[in-house]
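Trainee:
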Amino acid sequence: MKVLNTIWLTCLAVCLLVLCACNRSDANQQLKQTVPIRFALAQMPLNLDPRYATDAASERVNRLIYQSLVDFDATSNPVPKLATWLMVSPREYHFSLKQPLANFHHHKPLTAYDVKATYDSIITLKDSPQTSEYSNISSIQVKNETLVIFQLKQPDTHFASKLIIGILPKDDIEKKHDFTHHPIGSGPLAFEHWQNKLALKRVRDGQLILFTEVKDPTVRVLKLLRGETDLLQGDLQPELVSYLQTKPDITVKTVAGVNFSYLGLNMQDPLLRQRKVRMAIAHAIDRQSIIDKVMLKSTRAAGAILPPEHYTNAGVALPAYAYNPGLSKQLLLEAGVQLPLKLVYKTSTDAQRVRLATILQAQMAKAGMNLEIRSLDWGTFFEEVKKGNFQLFGLTWVGIKTPDIYAKAFGSQQFPPNGFNRGHYADAELDAMLLAEDWPAVTARIQAQLPYIPLWYEAQFAAFDKNITNYAPKPDGNWDDLATIKRSATISNHAH
Amino acid sequence: MFLLHRSARFFTVVFGVLLLTFLLIHLVPGDPVEVMLGESASSADREALRAELGLNQPLLQQFGIYLNKLAHGDFGNSIHTRTPIAELIKTRYPTTLRLAMLSLCIGLFVGIPLGIYSALKSGRWQDILVTIVSVRISAVPAFWLGPVLMLIFAVWLGWLPVSGMESNTSIILPALTLGFGLSAILTRMTRTSLLEVLNEDYIRTARAKGLSERVVILRHAMRAALLPIITIVGLQMGSLLAGAVITETIFSWDGIGRLLVESIERRDYPVTQACVLIVALSYVAVNLFTDVMYRLADPRVRMT
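Residue numbers (numbering that gives the first Met the number 0), protein chains in the order written: chain A, 0 to 495; chain B, 0 to 303.
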């Protein structure tokens, strides 16, 4: 009897211990999820309505709140997300929603009617920056809850890759719900509140994610060190990233990027119209030494807008123009230019951009070019670029996935306001290649003619507290890993 | 009479500011329609939106419509966030006001006593020390002082938060950053002003009457020395209420100055216009208050 009692008591004790352990584990798990993960941003999202959002922060957050019909794989090929599709003809596309249907955050199922309502509303909105992108749609028909048919006015073989807008609930569109400040989507993160901070809750496990704006890069770093924020991504000078890499409590991850930085040229300028002058500029820049000294290590020298891994390049990287100031000078003399060649370079007031401008100035001086830097506040600078009021400017294409960027940036029918051919480059041969969608020929032609001077694909990085796991930066800088990010077993000792 | 006179001046200034900002906004490069629709919008879409927003009407008519809306408390909506601007101002202005008031208090409570002390110890090592420190502090820019204070009090000592507005102590570091600069200016001004007054005959008379040094300084000398100090405080308060842009940015303080700069960067014209109006109103109000303070400090000052 004594033995039985002992066994019984032992079992009871073990059960209690297991229960306690479970409780503690549950409590720890609960604590981990109730302690928010804080993400410090250089720029808060401006608009959480995907029909209006244009800034990078809004687009990155909206990818997490909403789901689109289509997404892209690592080679930028369009892949099904909410729906698979069938191109019946270049004018007719059938989209079938995947089963089981996704649910909106207010628990209603996402159906073909919601898809139609979303795109119908974009087409009819008078003040949406997305409207023009979908002006080719002639009609949208719903066949049943899962099938929606898009008819186009003009043939477009890339139409599927354009359907990347987050789907909104039909009823709320009709009620003119304020998606800008109270978004309702079907993505992995649901909207909680947005006062000073933007709070999103992960649908799967209730993990709260807080976004705060901290403009100053040094302050963002101090907040990470102090434990007032858990995560930073992008928008830091390389020195600050290197500094964070020396800190034992901080993890820094980097990845090769795809965002393309370049020098834009005004082809209406009598000097820059000459190919030899453009080639001279390309040879005057020592990209590799700039990358080695003032950029993140995973930055790559660029040869074309779309990176080597893009499906149009089939893994082949076009080589960047080699640094050769002697050849540069020779090309200028052959073009009949009197040295030094005076050029005006416009850039923004961003500290890193101004620093790069001064390096370019020093490098180009060795090739007989006298570069005058004009740094303007972002609004004025961009306005000057759009108006074609420049000789040279520096900009970056962010998040480009589809090859129609070549047509928009270099097509002779794409001068502003019709497209982005801000340098007014006109090339009948290139136009024919664009029409034929012969992408290898297009990139080769652009590289030979140099309407842009390619610089580099800037690397991406994320820095976070050692307790954070399941997060990595992505080549285009998106924040998709917030859908999976975790705190490790130990809760940070930092003040929350 | 004084109030009538000042009110007339107030409305003239406000109207002038409104007209000027309205015209300036229409002169700077950039088009709100393009900001809203992006680069690739068709001409027809642009024209349709321009008509809807009333931007195709003559400038004078647009100004009239703007004034009419303003009179009804309608500042319009932000182009980017689509938030009513009145709401933005309502949340941002009180935070600027809080920061300005605390910074002013630090400036006054540190600057004036130090200035008096420095004047009383004129020429001695204490005066030289105060002068050196205050000159150095007034030369330190906020973008340097702010991060240094953060490093010491937040990162090393862990006493205060680095930035943000989450806790009640969040205001301390930005207020110190602004208050130190202000106190340095006030120290210099109080010292100079008091030294001038201390050489006056009536101060000698007060001392000859056997009044205590405390009464001579605080009741007789400081009263006369206050006028230039009030001027400086008024000017500084005006600029604090206009939003200490750099300090607000460094400390992620959601004030009016930061809102103004962000709206200019994004070409959010209606927000810029509203912010400039609020800033101008603040300046005018502070000027009015300064005039009243003159009168209180020295009844000989006539208000006309």
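Where is the CB? At the ideal position from N, CA and C, for every residue including glycine.
#1: Is B:ASP312 close to chain A, meaning its C-beta is less than 8 Å from at least one C-beta of that chain?
#2: Who are the neighbours of B:VAL161 on chain A, taking C-beta pairs under 7 Å?
#3: Between which residues of its own chain and B:ASP290 is the CB-CB distance below 6 Å, once the five residues before and five after are set aside?
#4: I'd like to know if the segment 95-113 of chain A and the segment 133-144 of chain A are in contact, where contact means that at least 3 CB-CB pairs between them fall below 8 Å.
#5: Round the Cβ separation of B:LEU22 and B:GLY106 to the nearest angstrom and send it over; I've been treating them as touching at under 8 Å.
#6: Are the CB atoms of A:GLY410 and A:ASP437 nearer to each other than 8 Å?
#7: Please go through the same chain and pick out, in chain order, the residues whose beta-carbon is closer than 8 Å to the beta-carbon of A:VAL213, but skip the five residues on each side of it.
#8: Would you say B:ILE317 lies against chain A (beta-carbon separation less than 8 Å)?
#9: Please look up how many angstroms separate the CB atoms of B:MET237 and B:SER281, rounded, as I've assumed it's under 8 Å.
#10: Just checking, does the segment 187-195 of chain A make contact with the segment 167-177 of chain A on the three C-beta pairs under 8 Å criterion?
#11: Which residues does DSSP pair with A:TRP396 in a beta bridge?
#12: Could you tell me which chain B residues have their CB closer than 8 Å to the CB of A:SER131, listed as they occur along the chain?
#13: Pop quiz: A:SER260 and A:LEU47 are said to be a contact at Cβ under 8 Å. What is the actual Cβ separation, rounded to whole angstroms?
#14: Secondary structure at A:ASP70, three-state DSSP: helix, strand or coil?
#15: Going by the beta-carbon positions, is the gap between B:VAL109 and B:GLY178 smaller than 8 Å?
#16: Short of 6 Å in beta carbon distance, which residues of its chain neighbour A:GLN129, apart from the five on each side in sequence? Order them along the chain.
#17: Looking only at its chain, what residues have a beta carbon closer than 7 Å to the beta carbon of A:ASN477, apart from the 5 residues adjacent to it on each side?
#18: Answer with buried or exposed for B:TRP252, where buried requires no fewer than 16 other C-beta atoms within 10 angstroms of its C-beta.
#19: Closest by CA to B:MET292, which one among B:VAL260, B:ALA223, B:LEU258 and B:ARG257?
#20: State the start and end residues of the unbroken alpha helix (DSSP H) segment that holds B:HIS319.
#21: Under a CB-based cut-off of 8 Å, is A:GLU212 close to chain B?
#22: Give the residues from the segment 393-425 of chain A that approach chain B closer than 7 Å (Cβ to any Cβ), ordered along the chain.
#23: Starting from A:THR496, trace the beta strand (DSSP E) both ways and give me its first and last residue.
#24: Flag this pair as yes or no: are the beta carbons of B:ARG78 and B:ASP267 separated by less than 8 Å?
#25: What is the rounded straight-line gap between the Cα of B:PRO269 and the Cα of A:ASP70?
#26: In whole angstroms, what separates the C-alpha of A:ASP479 from that of A:ILE64?
#27: Could you work out which residues of chain A lie near B:VAL304, taking near to mean beta carbons separated by less than 8 Å?
#28: Enumerate in chain order the residues of its own chain whose CB-to-CB distance from B:LEU225 is below 6 Å, with the five nearest sequence positions on each side excluded.
#29: Could you check if B:PRO173 is buried or exposed, using at least 16 other CB atoms within 10 Å of its CB as the buried criterion?
#30: Comparing the C-beta of A:CYS21 with each C-beta of chain B, is any distance below 8 Å?
#31: Can you tell me whether A:GLN448 is helix, strand or coil according to DSSP?
#32: Compute the Euclidean distance between the alpha carbons of A:SER24 and A:THR250, then round it to the nearest angstrom.
#33: Select from A:ARG486, A:ILE467 and A:ALA462 the residue whose C-alpha is nearest the C-alpha of A:GLN244.
#34: Helix, strand or coil: which one does DSSP assign to A:ASP479?
#35: Going along chain A in order, which residues have a C-beta closer than 8 Å to the C-beta of B:ALA47?
#36: Between the segment 41-53 of chain B and the segment 6-21 of chain B, do three or more beta carbon pairs fall short of 8 Å?
Mentor: The answer reads as follows:
#1: Here chain B comprises residues numbered 0 to 303, so residue 312 of chain B is not present and cannot be evaluated.
#2: Result: VAL218, LEU221, LYS222, ARG225 and GLU227.
#3: Nothing listed; no residue qualifies.
#4: Touching, per the Cβ criterion.
#5: Not confirmed; about 36 Å, so no contact.
#6: No; because the gap between Cβ atoms is not below 8 Å, this pair is not in contact.
#7: Correct list, in chain order: ALA39, LEU40, ALA41, ARG219, LYS222 and THR228.
#8: The question about residue 317 of chain B has no answer here: the residues shown for chain B are numbered 0 through 303.
#9: The residue asked about is misnamed: residue 237 of chain B is Gly in this sequence, not Met. With 8 Å as the limit, B:GLY237 and B:SER281 qualify as a contact, their Cβ atoms being about 7 Å apart.
#10: Below 8 Å, too few C-beta pairs join the segment 187-195 of chain A and the segment 167-177 of chain A to call them touching: fewer than three.
#11: Its beta-bridge partners are A:PHE259.
#12: The answer, in chain order, is LEU36, GLY37, SER39, ALA40, SER41 and ASP44.
#13: A:SER260 to A:LEU47, Cβ: 28 Å. No contact.
#14: Looking at A:ASP70 - three-state DSSP - the assignment turns out to be strand.
#15: Closer than 8 Å, so yes.
#16: Once the five neighbours on either side are set aside, the close Cβ partners of A:GLN129 are ARG50 and ILE121.
#17: Contacts found: ARG59 and ARG62.
#18: Counting Cβ neighbours within 10 Å, B:TRP252 comes out buried, since at least 16 surround it.
#19: For B:MET292, the closest of B:VAL260, B:ALA223, B:LEU258 and B:ARG257 by C-alpha to C-alpha distance is B:ALA223.
#20: Nothing can be reported for residue 319 of chain B, as the shown portion of chain B is limited to 0 through 303.
#21: At a cut-off of 8 Å, the C-beta of A:GLU212 has a neighbouring C-beta in chain B.
#22: Residues passing the 7 Å Cβ filter: PRO415, PRO416, GLY418 and PHE419.
#23: Given a span of 0 to 495 for chain A in the structure shown, any question on residue 496 of chain A remains unanswerable.
#24: Position check: residue 78 of chain B holds Ile in this sequence, whereas Arg was assumed. Taking 8 Å as the cut-off, the beta carbon of B:ILE78 is found closer than this to the beta carbon of B:ASP267.
#25: When rounded, the distance between both Cα atoms is 36 Å.
#26: A direct Cα-to-Cα measurement between A:ASP479 and A:ILE64 gives close to 10 Å.
#27: Outside the shown range of chain B (0 to 303) lies residue 304 of chain B, about which nothing can therefore be said.
#28: Excluding five sequence positions before and after B:LEU225, the CB atoms of its chain that fall closer than 6 Å to its own CB belong to ALA296, given in chain order.
#29: Classification for B:PRO173: buried.
#30: A caution first: A:CYS21 carries a pLDDT of 42, below 50, which makes its placement in the model unreliable, though a value can still be read off. It does not: the Cβ of A:CYS21 has no partner Cβ on chain B nearer than 8 Å.
#31: Here A:GLN448 sits in helix by DSSP.
#32: Unreliable placement is indicated for A:SER24, whose pLDDT of 48 sits below 50; the coordinate value is still reported in the next sentence. Near 25 Å, if we compare the C-alpha coordinates of A:THR250 and A:SER24.
#33: Of the candidates A:ARG486, A:ILE467 and A:ALA462, the one whose C-alpha sits nearest the C-alpha of A:GLN244 is A:ALA462.
#34: Helix at A:ASP479.
#35: Chain-order list of chain A residues neighbouring B:ALA47: LYS125, by C-beta distance under 8 Å.
#36: Touching, no, given that fewer than three Cβ pairs across the two stretches are closer than 8 Å.
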